[in-house]
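J.: Questions regarding the structure given below will be posed in turn.
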Amino acid sequence: MAIDLVSRREWGARKPRGSYTPINSTRGVKVHYTGGRVDPGIVNDHARCVTLMKSIQNQHMDGNGWMDIGYSMVACPHRKVFEGRGPKRLPAANGAGLNGGHYAVLALVGSSGLVQPTDEILNAVLDAVEYLRARGGAGREIKGHRDGYATSCPGDRLYAWVRRGAPRPGGAPDPPDPHPSFPGRTLKYPPVMVGEDVRTWQRQMSERGWDIDVDGLYGERSREVCRGFQQEKDLAVTGAVNRATWNAAWQEPVT
Ligand SMILES: [Zn+2]
Ligand SMILES: [Zn+2]
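Using my numbering, the letters of the sequence shown map in sequence onto residues 412 to 666.
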């Protein structure tokens, strides 16, 4: 489904007070919530999303003294994506020093009232992310505002979704693994295990029968599983997924 974009003209944005700082690319996107109360009634009334957008822009320009709304894009409960500063322009909402690294995408949920992001909102966030990747050189990262900055944003519920890897809600089940696990086929060992690579390894260990969360985070449980597996395979027990450990995960278990 193509992005349902609400242009600045369509939502009646004020003109920016100055010129934007251009950027070519970012490592990805940071997700935000409003931090205040969002009237649950907006779910049934898109006109209220527009009103909320205007008030956020006013708050950022008049309250914070920013030249424009601080967000790059804003996702509403009607799976529409409002154009904020847009791609290729430095956002302001991530915190000083953190704006060049990530675009800022706001989801219209708050700390009270509408706190649970609906599927429509999550889909709109991902529509915005894809748009920023296509038009703004955004990288693969999807993080929360609280990553690297002391804030409750984007709220526990939205942040939990971010930590799960920001999956499409109710989306297609995982596509069949294009790399049959057995026998003898290995997935290429990544130079650095990050994000999806961690998830790939965890999924493989889970399929091998290890009790492990496939969360993309290489935490204490992942280290334990790694050590146990290394022991089982007579590998150096380091707790780190080195090349030998990675490859062994795709070798046929000895029965
Ligand atoms: Zn935020
Ligand atoms: Zn809306």
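A virtual CB, placed ideally from N, CA and C, is assigned to each residue, including glycine. Remember, predicted model here, so these are calculated numbers, not experimental data.
Within a Cβ cutoff of 8 Å, which residues of the same chain sit near Cys564, ignoring the five residues on either side of it in sequence?
T.: For this step, residue 564 is matched to residue 153 along the sequence shown. Here the set comprises His443, Tyr444, Gly446, Gly555, His556, Arg557.
J.: Between which two residues does the beta strand (DSSP E) harbouring Gly547 extend?
T.: Mapped onto the sequence shown, residue 547 falls at position 136. Run containing Gly547: none in the beta strand (DSSP E); it sits in the alpha helix (DSSP H), 530 to 547.
J.: Report buried or exposed for Arg500, applying the criterion of at least 16 other Cβ atoms within 10 angstroms of its Cβ.
T.: Residue numbering aside, residue 500 sits at position 89 when the sequence shown is read from its first letter. Buried is the call here.
J.: Taking C-beta to C-beta, are Gly481 and Ala507 nearer than 7 Å?
T.: Mapped onto the sequence shown, residue 481 falls at position 70. Mapped onto the sequence shown, residue 507 falls at position 96. Contact flag unset, no.
J.: Have a look at Met464 and Arg610 and give me their C-alpha separation to the nearest angstrom.
T.: As a position in the sequence shown, residue 464 is number 53, starting the count at 1. As a position in the sequence shown, residue 610 is number 199, starting the count at 1. Roughly 36 Å between the two C-alpha positions.
J.: Helix or strand or just coil, what does DSSP make of Ser523?
T.: Within the sequence shown, residue 523 is the residue found at index 112, counting from 1. In this structure, Ser523 counts as strand in the three-state DSSP scheme.
J.: With 16 as the cutoff for other CB atoms within 10 Å, does Arg419 come out buried or exposed?
T.: The residue labelled residue 419 in the question sits at position 8 within the sequence shown. So Arg419 counts as buried.
J.: Looking at the structure shown, is Asp588 part of a helix, part of a strand, or coil, going by DSSP?
T.: As a working mapping, residue 588 is identified with position 177 in the sequence shown. Here the model assigns Asp588 a pLDDT of 47, short of 50, so the residue's position is not dependable and the matter cannot be decided.
J.: On the three-state DSSP scale, how would you describe Met484?
T.: Taking the first residue of the sequence shown as 1, we reach residue 484 at position 73. Residue state, collapsed to three classes: strand.
J.: So within the stretch 438 to 500, which uninterrupted alpha helix (DSSP H) runs reach at least 4 residues, ignoring any that extend past its ends?
T.: Entirely contained in the stretch 438 to 500, the alpha helix (DSSP H) runs reaching 4 residues are, in chain order, 457 to 469.
J.: Using three-state DSSP, classify Tyr431 as helix, strand or coil.
T.: Counted from its first residue, the sequence shown places residue 431 at position 20. Three-state result, Tyr431: coil.
J.: I'd like to check one pair, Pro488 with Glu421: are the Cβ atoms closer than 7 Å?
T.: Stepping through the sequence shown from its first residue, residue 421 is reached at position 10. Stepping through the sequence shown from its first residue, residue 488 is reached at position 77. No, they are not a contact pair.
J.: If we ignore side chains and look at the alpha-carbon of each, how far apart do Leu517 and Asp626 end up?
T.: The sequence position of residue 517 within the sequence shown is 106, counting from 1. The sequence position of residue 626 within the sequence shown is 215, counting from 1. Their backbone Cα atoms lie some 23 Å apart in a straight line.
J.: Output the distance between the C-alpha atoms of Lys491 and Gly566, rounded to the nearest integer angstrom.
T.: Sequence index remark: in the sequence shown, residue 491 carries index 80 (1-based). Sequence index remark: in the sequence shown, residue 566 carries index 155 (1-based). Each residue's alpha carbon lies about 21 Å from the other.
J.: Assuming Arg459 and Asp473 are in contact, meaning their beta carbons sit under 8 Å apart, how far apart are those beta carbons, in whole angstroms?
T.: Within the sequence shown, the letter at position 48 stands for residue 459. Within the sequence shown, the letter at position 62 stands for residue 473. That pair is no contact at about 21 Å.
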